[in-house]
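Those letters in the sequence shown? Residues 23 to 247, by my numbering.
Just so you know, even glycine gets a beta-carbon here, dropped at the ideal spot from N, CA and C.
For reference, the structure discussed in these notes is given below.
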Amino acid sequence: MSKTALIIGASRGIGLGLAQRFLEQGWKVIATYRNTKGLLQLQKLPGVRAEQLDILDRVSVAALARRLQDTTVDVLLVNAGVSGPAHREVEPATLEEVGSLFMTNAIAPLQVAERLLPLLKPDGVLGFTSSIMGSRELAVAQHRLYSASKAALNHMVHSLAQKLGADSRRTLLCLHPGWVQTDMGGNSAPVDLLTSTEGLCRVLREAEGKGGLHFLDYQGQALPW
Numbered sequence: 023m024s025k026t027a028l029i030i031g032a033s034r035g036i037g038l039g040l041a042q043r044f045l046e047q048g049w050k051v052i053a054t055y056r057n058t059k060g061l062l063q064l065q066k067l068p069g070v071r072a073e074q075l076d077i078l079d080r081v082s083v084a085a086l087a088r089r090l091q092d093t094t095v096d097v098l099l100v101n102a103g104v105s106g107p108a109h110r111e112v113e114p115a116t117l118e119e120v121g122s123l124f125m126t127n128a129i130a131p132l133q134v135a136e137r138l139l140p141l142l143k144p145d146g147v148l149g150f151t152s153s154i155m156g157s158r159e160l161a162v163a164q165h166r167l168y169s170a171s172k173a174a175l176n177h178m179v180h181s182l183a184q185k186l187g188a189d190s191r192r193t194l195l196c197l198h199p200g201w202v203q204t205d206m207g208g209n210s211a212p213v214d215l216l217t218s219t220e221g222l223c224r225v226l227r228e229a230e231g232k233g234g235l236h237f238l239d240y241q242g243q244a245l246p247w
């Protein structure tokens, strides 16, 4: 029986690359897009099931949960995220800028995950695209707002692990994809998209049935919280 991956935020960059990697491995893939441009990107991948979703819209999240209520997935990855205000500084940051950043990168991913958790197999994998900058030990001063939003995401995933309890067989992953050559990462990033997504796909597949909470990079190396 083929396995199924549900990728939230898969119409470009890392999410789109992961959808392609899972398809290449023979998996069924359900991939979400936010707008028509994203749908057109997913339609280039034969076999992918494209589903519309805006993670900031509760009605949209509820509608996706209803459409997938009879579906069981082996891997659920919440990949959606933003880089935050272009100025990157704390002092000029506005309530709107910080609210949008933290809602998109930390709160909405957990809201979506908890709403879709009934779809995940009892020994399945729930992953979140985090960042090494969410690590208290490894964060850099130039990206304090973005780093704080990813640290908040890591903390929220910790709280979800506690909510699920020690007896849960599901594996929870916060994943650092590397500094990747995408629209967000830029052309000067040292990791190409294929290398990152091949690694992430392998990490997600190999995590099935292991259980526990882990903060890993795309090579499967453990990172400090």
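query	result
With 16 other CB atoms within 10 Å as the buried threshold, where does T26 fall?	buried
Three or more C-beta pairs under 8 Å: does that hold for the stretch 209-226 against the stretch 163-172?	no
Leaving out five residues on either side along the sequence, give the residues of the same chain with a beta carbon under 7 Å from the beta carbon of T22.	Residue 22 lies beyond the residue range present for the chain, which begins at 23 and ends at 247; the question has no answer from this structure.
Do the stretch 233-243 and the stretch 188-198 make contact, defined as three or more Cβ pairs closer than 8 Å?	yes
Beta-carbon separation of L75 and L226 under 8 Å?	no
Note down the Cα distance separating S169 from A161, rounded to an integer number of angstroms.	6 Å
In the DSSP output, which residue or residues are listed as bridge partners for A53?	I29, A72
By DSSP, does T151 sit in helix, in strand, or in coil?	strand
Report the rounded CA-to-CA distance for V95 versus V147, giving the unit in angstroms.	9 Å
May I ask you to report which of helix, strand or coil DSSP gives V162?	coil
What's the C-alpha gap between G121 and L186?	27 Å
Within the stretch 173-246, note down every full beta strand (DSSP E) run reaching 3 residues or more, in order along the chain.	193-198, 234-239
Specify, as a first and last residue, the run of the beta strand (DSSP E) that V83 falls within.	Not the beta strand (DSSP E): V83 falls in the alpha helix (DSSP H), residues 80-89.
Please classify K172: is it buried, with 16 or more other beta-carbons within 10 angstroms of its beta-carbon, or exposed?	buried
From Y55 to W247, what distance separates their C-alpha atoms?	30 Å
So, are the CB atoms of G69 and L45 less than 8 Å apart?	yes
Among A32, V51, L215, which one has its Cα closest to the Cα of N101?	A32
Identify which residue in D145, R224, S153 has its Cα closest to the Cα of D189.	D145
The beta strand (DSSP E) with V100 in it runs from where to where?	95-100
Alpha carbon to alpha carbon, how far is Q184 from T126?	22 Å
Here's a check: name, in chain order, each residue in its chain whose Cβ is nearer than 8 Å to the Cβ of R158, leaving out the five neighbours to either side.	A173, P246, W247
Once the 5 residues before and after H109 are set aside, which same chain residues still bring their CB inside 6 Å of it?	none
Is it true that the CB of I36 sits closer than 8 Å to the CB of S218?	yes
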